[in-house]
Structure formats: C-alpha cells, structure tokens
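Number of protein chains: 4
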Amino acid sequence: MGNLLNVGLIGTGFMGKTHALAWRNVKAVMGVGQEISLHTLCDMPEEKARATAVQFGFANATADWRAMISDPAIDVVSITTPNQMHRDMALAAIEAGKHVWCEKPMALTLDEARMMEAAAKARGVTTMVGYNYIHNPAFRHAQRLIADDVIGRVVHFRGWVDEDYQADPDLPWTWRARIADAGLGTLGDLGCHLISMAYGLCGPIDSLVADMQTVHETRPLPDGTGRGAVENEDTATALVRFANGVHGSVASSRSAWGRKNKLAWEVHGTKGMICFEQERMNELQLYTNEGPKAQQGFRTILTGPEHAPFGNFCPAPGHQLGFGDLKIIEAAALLDGIASGTPPYPDFTAALEFEKVIHAMAQSARDGRRVFLQEV
Amino acid sequence: MGNLLNVGLIGTGFMGKTHALAWRNVKAVMGVGQEISLHTLCDMPEEKARATAVQFGFANATADWRAMISDPAIDVVSITTPNQMHRDMALAAIEAGKHVWCEKPMALTLDEARMMEAAAKARGVTTMVGYNYIHNPAFRHAQRLIADDVIGRVVHFRGWVDEDYQADPDLPWTWRARIADAGLGTLGDLGCHLISMAYGLCGPIDSLVADMQTVHETRPLPDGTGRGAVENEDTATALVRFANGVHGSVASSRSAWGRKNKLAWEVHGTKGMICFEQERMNELQLYTNEGPKAQQGFRTILTGPEHAPFGNFCPAPGHQLGFGDLKIIEAAALLDGIASGTPPYPDFTAALEFEKVIHAMAQSARDGRRVFLQEV
Amino acid sequence: MGNLLNVGLIGTGFMGKTHALAWRNVKAVMGVGQEISLHTLCDMPEEKARATAVQFGFANATADWRAMISDPAIDVVSITTPNQMHRDMALAAIEAGKHVWCEKPMALTLDEARMMEAAAKARGVTTMVGYNYIHNPAFRHAQRLIADDVIGRVVHFRGWVDEDYQADPDLPWTWRARIADAGLGTLGDLGCHLISMAYGLCGPIDSLVADMQTVHETRPLPDGTGRGAVENEDTATALVRFANGVHGSVASSRSAWGRKNKLAWEVHGTKGMICFEQERMNELQLYTNEGPKAQQGFRTILTGPEHAPFGNFCPAPGHQLGFGDLKIIEAAALLDGIASGTPPYPDFTAALEFEKVIHAMAQSARDGRRVFLQEV
Amino acid sequence: MGNLLNVGLIGTGFMGKTHALAWRNVKAVMGVGQEISLHTLCDMPEEKARATAVQFGFANATADWRAMISDPAIDVVSITTPNQMHRDMALAAIEAGKHVWCEKPMALTLDEARMMEAAAKARGVTTMVGYNYIHNPAFRHAQRLIADDVIGRVVHFRGWVDEDYQADPDLPWTWRARIADAGLGTLGDLGCHLISMAYGLCGPIDSLVADMQTVHETRPLPDGTGRGAVENEDTATALVRFANGVHGSVASSRSAWGRKNKLAWEVHGTKGMICFEQERMNELQLYTNEGPKAQQGFRTILTGPEHAPFGNFCPAPGHQLGFGDLKIIEAAALLDGIASGTPPYPDFTAALEFEKVIHAMAQSARDGRRVFLQEV
C-alpha cells in the first residue's frame, strides 16, 4: 500500500457515515502521516452506493461487497452493516488479507465472534471494533487519573447505558425483535459499549450474575396482521466481579424513556470517585478527598487541550467535541495499529472479551446462576 | 391522654434532635389538632439529659429509660438510640402500652424486628418506623404521578444510596464494624431507606440476588494496638424482582467518596420516567412522551405548595424544605395514625417488610443464590 | 426581661409563620442560653389571631397591634405584615423600647426607612431586618472563602433574583401593582435580597445605572370592570460599581416563568470563582486555579457540619437545610445582638443601605443617569 | 466556477483548522450538491503552509495571501487570521470578486468594518462572518420555539459570555492588550458572539448603556523589562433595549476563572422561558406554563434529528454535535447563499450590526451615557 491506504467502506447508514467522515478527516485532524484514499463505497442498491460515494467523496461505488473486498487495491475494510452481516464480511476481508474496522457488536453470536477473532489472528491482519466511546478524551483522562492514583485503589464500579428507542409500546415489530436477525437486544446494541468502558476502567470481569427482561413482549406487526413476539431482552442488569477483586454492577435498557445516550458510570476509589455520562460527553466528574473538607466537592472538568487528543480538534477548552469526533480519534488508533504492527485497542481479540460478557449476562439470566467468564 | 399527648424521647443525638424538633413543631407547622407535651427526655448521663431537656424544651429529664417508659404519664415513646437498643426499648414501651416511634432499622436482626412487630400487633399500640425520606412531598408527588398513570405502567426500577462516612481507609475501627453491635453495615444504615422508597414506588419485592463486599477489611484499632476486622458490608447490590413483575436493581455503599446522601432512584414507565436524588431533595425529574418530540426532555420540578404538604411550611415554590422538615411531616403521619386508629405508614408491620429485604440481600450474598422474600 | 424574652409577633402569613417557628426553635436548635416565651400573636380578625396562636403556641392573641406593642411584658416585636404597615409598627415598637425584627423591605419608601433607622438609633433598641438568605451556611462559607483569599482579590460580581409570581399576563390586578400600597415592585420583593448578598460578598455599592420595565402594563381588574394599571416595575437591572472598585451587575424579575426562587450570584476573583443559586441552597460552586489544569473544574460543595451552623441542624453533610431553617439562624443572630449589645446584621442601619440601592435603581431608571449612593 | 468551488483559506490556527474541516466536510455531511475543491492554503512561513496543506488536504500552498486572492481560480476566500488583518484581506478579496467567509469580529474598528461592508455590497460578492454559534441546531430550535409562540411574546433577555484566558494576573502581556493590534478586548473576542445570538432571538438593539473595566491593568512584559499596560477591556456589561421594546442585559468577561466557553442566555416570554449555555451546547432548557402546575419545570431538551440539521450528522438524539460541526453547518449556509444569491446569514451587512453593538458598548462606557445604535 505504500503510503496510501485504500479504504473500502460497507454501509452508508448511521455508522457508515461516521466511518466515512472519520476516514475523510483522520489525517487532517490528527496529523497522521498516513495518506488515506476513499477508494470504494459499498451499499445496496448500487444507485444508492453511487450517489453516496459522490457525497462522501469515495472514488468508486459498488453493491457487491464480495467484489470490493477481493479487490487487491483495497487495504482496509470498514464494516458498518446490520450485525447479522458482520461475520461473513469480516471473514471474507480477513481471508483477503485486509485490515478490518468492524462496528460493534462483532456478530450475532459468540461463536461467530470467536470465528472472526481466530481468523484475524491466523491471518495476521489488523482489526479493530468500533467501541467509539472509549476514545473520548474524557474517558482517556479518567483512565489516566486512575493510573496516577488520583482516586486511590479502585473498589467499586457502577455503569448504565440506556436509550428509549424501544420504549414506546406502540412501536411496530421489526427485525430487531428476532434473535435470528438481531441476536441480543439491549445488550448487543448498548450493553457492550458499557462493558468496553468497564474494562478500560477496572479490567476484566471474572464472573457475574444477571437478570434480563423483555418489557414489551409483543409488538404490533407492521402489516396489521396481529402482534409479533419480541424475542430478545429490553433490559439487562448484572452484578459483576472483576478479576482484580472490584465488585460492581452494570445495567442496560433500550426502553428507558427520556434517555437518549445515557451511557454513564462511576468508579469508586479509596481516595476519590470519577463519574461520567455520555449525554454530557465533554465533562468528567471528579471528587478527591484532598484539601479542606469544607471545600471538597465533585468538580466538573470540561475537556480541553489538557486532555489529549482534544487539542487536535480545538485549542480551546469547553468548546466541545461531538460524537463523530470520537470516530476520528478511533480511526487514528487503527492507523497507528496498522503502521506499528501493535494491535489497536480493541482489536477482535480484546473486543471478543467485551462480547463474552454480554453473552455471559444472557446466559446467566437464562440459567439463573453465576457465570464465570472463563467458562464462556 | 385526652387531647394532650405526652412524649418521651430516648436519645439526643442526630436523630434524637430531629425527633425533638418534630414533636416541637408538628402542631405549629401542620396544624394538627393534637396538643403535644414534651414530657421527658432520656439520655445518659443524666446531666446531659437535663441540659438537653432544657435546650429542647422537655419538662423532665432522666437517664433511666425503663423508668420513663413505665411512667403512666407518657403516651408515646421516640426511640433514637443506637440500633442495638431498639428492641428492648420498643418491647418495653409496647408492653407498657405506649405508642412507639422508632428509628430505622428496627433492630440488629430480623428476629428482633419480628419480635417487635408481633408484640406491637398483640398489644394494639400504634407504631411507626423512621423512614423519613418517603414523607418528602417530592416523593409523595412521584407516587401520585405513578398512580395517575403519568408515566404509564411501571416497568423497571433502579435505586442507589451512597455515603462516604466509611470511605476513608484510615478511619479507625468502631463498633459499626462489628455485627454484634451494628448488625448489617451499609444495608442497615442506608439500604433500608432505599427499600422503603422502592416499596412506595413499585410495591413489594418478591425475590432477589445480591452481592456484597467489605471494601476495607480491617481498620486501625483506636488504641493503636493493631487492626480490627470489619465484619459487615461496605457495599451491597441486588437484582430485584417485584411482585408486580417489575425488575430492577438496588445498590448501597457507605464507602463512596463524595456522596453525602446520594439516595437516588429512577422509575421507568411505558410512557415516561421519574428520577429523584435526595441531595437535591426539593426536585423531581419527570420525562413524559407527550407533545412534540422536539420539545421533549426531562423536566426539573421544584417542589412547592402544589405538592402537599409543602405548603404547610411555605407558600412559595422553590423555597426548599430541609431534612428536618421531613421529620415533621412524619410526626404528623404518626399523630394521624394514633388519632384514627389506622396504622401510619410504615408501622412495624410495614417496616418489617423493608428490613426483610436487606436481610434477604445479606443472605443471598452469603449463600450465592436467589432468595425469595417469602422464605425470609 | 431577665432570662426570658417575651416575643410579640404581628402577622401569621408566609413570613409570620417562619418567624413563629424561628422563635419556637432557636433555643432548641442553636443551643442559645436565652429562654424564649411566645407571648402574644397579633393578626386580624381576632378569631384568626386566637386560632393561630393556639397552633403556633403563643400564649396570647390580639387583633390590636398597638396594644400588644405597648404591653410592658413584650420585649421584642416581629413585624411580618404587608410592607405598607412596617413603618408605623416599627416606630411604635421602637418608641415603646422594644427590640424589632422587621421583614424586608423596611418600608415602602426610603424616607420611611430612614425614619425607622433614625428612631431605632435614637432609642437604642436592637433591630434586625429579615434578610434571611445571608444567614445560609453556604453564604457564610462563601464569605469565609473570600476572606481567606481562596479566590484571590474579587474583581467582578453578577447577581440575579427572579420569580414568576407575576409572569402570567392574565393574573388579575392586585394592590401589589399600586405604588401607594406596594412601593417598588420586583425590587422591593426580590431585588433587595440580592443586594444584601452583594453587600455581604463585595461590600457597599458606590454608584449604579439602572433600567426597569413594567412588562405587563395593565392587568384585569378582579371585579371585571376593565383593566388596572401596573404602576411598579416587573423587571429591573443595574450596572453597579462597588466602593472597592469591583464592577458588576444585578437584575431582578418577578415575571420570569419557571423561576421560583432564582436568587443567584457569581463572584469572580483573581484566583477563582464562587457561584450560588438559592433554588439549590445547600450547594456552593467553587473554582480555583489550583492543582493540575487537567483536573480543574467547578466543584459542587454540599453544605454540612463543616459549614457552621449547619451542624446545629444536622451532623450529616448533604442532608439539606430548608428555607425555614435560615430563619432560625437569623433569630439566633438577633438574640446574640440583643444579648451582646452589638447590633446584629443587618440592623436597620445596615439594611437601610440595601434599600438605598433599590431606590437608587428606581431613581436611575426614572432619570436615565448614573446615581451615586451618597446622594440617595 | 461551474460546479466546482475553489477555496482559498488564509490561516491555519484555531479557526483556520475549523474552516479547513468545514470545507472538507460540508458536502459529505450536509449533502449539498456543490463540489468543493480545497485549492490553496495560505500561511506564513511557506513551509508551514506547505506542511499544513498536506495535512488538511489542500492542493496548493502559499505564504502570499495577495497572490492567492488574485488567483483567478479561487472562488471563495476564508479569512481566519488575527483580526487586524481582516480588513485588508477582505477588501482585496472583494475587489478580486471573490466570495468571502471572514472570522469575527470583522475588523478592529467599526470604520474598517463599514468599509468592508460597503465594498462587498458594491461588488456584489457573497459574504459571511463566522458567527458559528447561531448555526447550532439548539439555537435554531430556540428561534423556532419563539416563532411558534411556544413561550409567548418575548419580554426580557439576558446574556453572558465568559472565558478565563485572561483571568490569571500573572499571564504575560501580549498584543491582545494593545488596542492598535487587538481593538476591543472581551467584546471583540467574545461579546460579539453573544450579540449575534441576542439578535437572532430578540432582533435589533435600539440603545444601550454600558460599563467596562480592565481588571488587570498591567501585565508583566514577556522580556522581563517591567509591566505593560492592558489597554482594552477585560469585562463589559450593558443594559440593552431592543427595537421591539424588549429590555435586557448582556455581559462579557475574559477574566472569569472556570468559564471555558460560557456563552449563555435566557429569553423570558409571557408563556415560558428558554435558556441555553454553550458549554452544554447540545441542550436547551425550556419552561412553559402548560399542563398541571404540579408537573411544570424546566425541561432539558437534548438535541437530535428533530432539530435540523442535527440529523445530517447523526440520526440518534443525545449523541452530541461538537464545536467543529457548527462550522460545517455554517459552511452550508454560505454555499446556499452563493448558490441562491440570497445573502447567507450573517453576511457583512448583518454582521456589521452586531459589531456596531460592541462598539456602542465601548462608546457608552467611555462616555458614561446611553448610546443609540442609529448614531453609531
């Protein structure tokens, strides 16, 4: 590939657009040396691919993802399609020796994800899964605060991730409700993001006990012929134990009215606490048991150039990054991984661990018992 | 007792003072017809009782709680001593035919609490346990919103109650760390308050799975001779299922730096959500799926005279009640119970249910299995 | 009066009740040595006075405030009636040698207030005006932070005080709209509270330029005969210069929808900033340019026993004082003033300065020019 | 220019980068038909221009802005240099018949700005000034709410814009302190942004009375030879009257510790209120006097696809736009203006009005009198 990295992107929806923009901007924003070429955009039907390629600035368009993946000119493939297609696309790309940037969750089932991970390892390509929230400068700063012992030894963790896109009981039934199409429910859509943050803050989870519930058990079929069953979970909650001895809990709901992206957590330490919520993604809450008691309080840290790589976007603190900006930082991590040979984080191997957790939650909820991650 | 209710109060500490003030003010604030006489204040040593009786406005002082309880002039006994003394005091008061206002938790063990409940029922006296937070006009309004179907059918509950009074690893060992003296840890101090709110919002809990942890396993002995074991839990978390089918979780920590009274919850409904946190006890957060989507959002309701009985304190909204004010409302509920013969809420029978839950959490954590409340 | 202070209270409305409760509780809460006797309650008609005296615990009731004031048994008079009666009552009480606790504003006009101040000074009685918000432990802590140089030299001040009790254009006309009955509008009701805080934080104001506006120029007459003119201001704003060289601004509106008690300010210093808002009266926001830049942020300090005299109410931080509690602290300051002979703050002399400011604002707005306080 | 718009960008600093990214992304994000070519990047020295051109994706680089502007291939010029260069660059570009996108403020003095405005009008080119904050979907939604009468007739306005980049007294003296180099102080840097929002919400300002202050009157010279005078203002505040009769106030400080981008305002209406602060730029606060009083409260609206053009960035609400995204929306407005011939908002003519206000504030503060905008 020389110094030109040719990108093939599959999907032009929500995440497809963020990948396209990340690829467009990673060099300009992050100052990476790597030249990026927006080589081919793939979507169906082909007219849509062509029109969107013009809009996004891709040189070529296709409706045939297999053809694109097998094109020798392509160096890296972004996979942003619905989850049930991730496996085949990722396996094909890996087989073709391409680097892969795949949206989360990796696949519908853990078996599929394992297959993808094994293939990538065997073939030696660089992979990355789209856990964008852990690339937030606020999150990275939280990790630094913990590493620098600012809150002491971590002793407890709590996390939540809620949205309301399935809160309305009158929403029609869609493929999201069928396990064969969607896999897990709120855990796959939202829960795994929370797990990626939990791992980044407290390390691997060792075991858990979970409960889950389908709040809206049926939904009206769109064709008016009755009601269809919702097979996967609307809510899921687990008591977790991390390998380092920290206890905590994680919870997720896709039926939580008013929550738009309430991915939030708090890390309790022996000297302080850090809290975060994605709906205010440029803020970090920090409490430390320092200084006069009468002046202690949670402080709201607004991210800025002190919190790398915020300064790549803006030299002024308090001026706010957006959701799409996280994807640019993520792309830089992928590029760094490709260039250095050191896997970016999280590659398929690391991300597989997150996805084990959500599947362990489902298993625990089904079986009514504690599940150890090592058995998953 | 005619129209004069003679009060005997045991304890002059944190809660003792709030009881004294509640008795002093319940008529003036709430306009109840009942005349209250601050008859006798009991503490040890007697000089302290005497001095505090003068301050609080009690007519008599004693260091002998048994004598006070057996005084025929006394109609109602407030018990605000450390928890390990609740049982004997309550049983003696009940036996003497007094009404009892006892601070939470009822007792160190569930057996003790059961004994108290049975005695009260047998003797027919009016009892009340000091679950002050459920008397907050904000809380009562939340209950009304749910009853009025403002958020639809309740489908999920989450609650937390955290403080940081045991967060510092260097705090010396105290009796709070010994089960024989303190019973449960964070569950007894804090957790039961959360359960009282959970019951008020979602009804009885049917079963749960819990985990708990002693974060600081030993503490320096105050006499400098080494370190003493902390026998009870610093943190506890449970997955709960309510009898009405609602799922959820509850969590408590006494080692959560920065949290001073973070008793918080959220109730998810099919049409909206209500959230609350005690550190901002005059606010309620409400989201409803109503009106134009572009104008929807969580609204911060500031309590005021629209939220009875706020108006008894102040006719102006946004002017804030304080912690002590909740105790005045609570006293009015007790008086109403005494006058009407209808048990105030929560009497020993109702409060026993809350305390079953925290003991069930401890049992589940110890046994590593789901515990059904009916088996407790 | 020996060690018994006999209180006469005029008025049983919003502020009357808070005075009654303050007198009831100041000894019990604050531990002052002074015995308080709730001697006589005055309101009209006499039946109302009698019924309320029973509720509030006053020994006597009357509808004749002149008789009460001239009763030799009375030591101190609380005046909580509508503003237009303050002057006559205060002058009578002063003449009778009573101490006076008068609600703000002192009077309808500055001339009346001056008369009251001169009379009090001449007679040597202790006086106090009900600027309750400056007795908040959070406010006192802010003053300490400034005195301790925590935010460096103060360089700027901004304050606001808004409510919405006159926001609805359809509210009927009342006496509040007539200058002869009400004097100033939002400035008298709300603005003077803000000025009391500005003085406590930045010292005396030297000059100002103001603007004011009657937003709703007429209101429907309650008898349906048409519309009556609103003579006084709904909003008022001023650019202020303090004697110490600090510049700033103050603003008030009684027509600000959604604001229930939005008395808020921020003090800018050379090393930090402090912010406060009364709707969250148990919180103080503090920013200091200290420690690593990456960890700086506004911290939310929850008041607690570290912030005297919070501990007199509750030994637990984050457990919240209420509006009424401020009045108890205020009463203690008055008692201290009576006992010590040192005027409590603010006595009629100090409070007159606050009221000069609001009248100076009105004058500046009318004349369209800068007004110096020394000329008022 | 056919369907290809050739962009020349002067400046590669804070705002230069945002212009570069806006030009890079406006088509991809906003779906505009216009093809954009990043033709030439200009900065000094030329090596810097060349390196940055590679990073940002510009085809050519130069250190000679006059040459670039006179290049017939260039269609539109972005001016993002320090303010003192805006005039000459804009005049040259206009003379050359280029469209101009100029950062705010237009120029150091009002005379310069007028000259630019007149030239643009005479030459008929399309111009736009970089008032990015008014392109925020949250802001546009606020405008729609007002237009749709959601808060009734607007009756009052308050605005603030504070940062702390000049709060530290020990910061060395820079060109920012000299009027000849920087023009106004906080008013030019920050204040004009607030005015752009005030105009968007309440329309033109008719007259004002202002005060301003240099908080830190001297600063240490960087060469250690003593202290240099700070000639322009650190703080400025004005009482404003809008042409439509609305009163209000605006304030700005560049010395406000802890404020990073505290551009905030509130609009009071007869039926409700809207509030906003840029540090939480994806939120809008809305209060309306609707529905049961007991359920009223300020609601926090999280922007999402309901608030165009948020959906061009992300179909999921609560997922946050960033500062840079505003610049993309702004670029789309400029493109629309170029294509349609209808001036984008704010063009030089509209922006001149904002800048008149900040100069009127300075004049009022200097002269100590009310200034009418028509006389400026």
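Chains as they are written, first to last, in the UniProt record's numbering: chain A, 1 to 376; chain B, 1 to 376; chain C, 1 to 376; chain D, 1 to 376.
Note that beta-carbon positions come from the ideal geometry of N, C-alpha and C, so glycine has one too.
As the structure is a prediction and not an experimental result, all values here were calculated from the model.
Residue i vs residue j beta-carbon contact at 8 Å
i: Y131(D); j: P346(D); result: yes
i: A333(C); j: L21(B); result: no
i: L184(A); j: A294(A); result: no
i: A331(A); j: M106(A); result: no
i: H86(D); j: N60(D); result: no
i: M15(A); j: E103(A); result: yes
i: R254(A); j: T186(A); result: yes
i: I274(A); j: I79(A); result: no
i: S249(C); j: T235(C); result: no
i: D149(D); j: A256(D); result: no
Buried or exposed by the 16-neighbour rule on C-beta atoms within 10 Å, applied to residue i
i: D201(C); result: Reading off the sequence shown, one finds Leu at residue 201(C), where the question assumed Asp. The residue in question, L201(C), is buried, as its Cβ has 16 or more Cβ neighbours within 10 Å.
i: A67(D); result: exposed
i: V7(A); result: buried
Nearest-angstrom Cα separation, counted from residue j out to residue i
i: R123(D); j: G337(D); result: 15 Å
i: D64(A); j: I10(A); result: 9 Å
i: T225(D); j: W173(D); result: 11 Å
i: M212(C); j: P309(D); result: 38 Å
i: L4(B); j: D71(B); result: 15 Å
i: V77(A); j: I69(A); result: 7 Å
i: G318(C); j: Y287(A); result: 15 Å
i: D88(A); j: E95(A); result: 10 Å
i: F58(A); j: L41(A); result: 6 Å
Test: residue i CB closer than 8 Å to a CB of chain D
i: Q166(C); result: no
i: M1(A); result: With a pLDDT of 44 at M1(A), under the threshold of 50, the predicted position of this residue should be treated as unreliable, and no value is reported.
i: H307(B); result: yes
i: L171(A); result: no
Residue-chain proximity (residue i, chain B), Cβ-Cβ < 8 Å
i: P344(A); result: no
i: F372(C); result: no
i: E279(C); result: yes
Minimum Cβ-Cβ distance from residue i to chain C less than 8 Å
i: F139(A); result: no
i: F298(D); result: yes
Contact with chain A by residue i, beta-carbon distance below 8 Å
i: G322(D); result: yes
i: V29(D); result: yes
i: G311(C); result: no
i: I301(C); result: yes
Cutoff 7 Å; reference residue i; Cβ partners in own chain excluding five residues on either side
i: F313(C); result: V29, L321, D325
i: R176(D); result: A182
i: C192(B); result: K104, P105, F354, E355, I358
i: H156(A); result: V246, H247, G248, H268
i: M97(A); result: A small correction: the amino acid at residue 97(A) is Gly; Met does not occupy that position in the sequence shown. If we look at G97(A) and ignore the five residues flanking it on each side, its Cβ neighbours are R123, V125.
8 Å Cβ shell around residue i - same chain, five flanking residues per side excluded
i: A243(D); result: G203, P204, I205, D206
i: V209(B); result: A238, L239, S364, R369, R370, V371
i: Q143(A); result: G200, L201
Contacting residues, own chain, Cβ-Cβ under 6 Å from residue i (five flanking each side not counted)
i: R50(D); result: A61
i: T81(C); result: I10, G11
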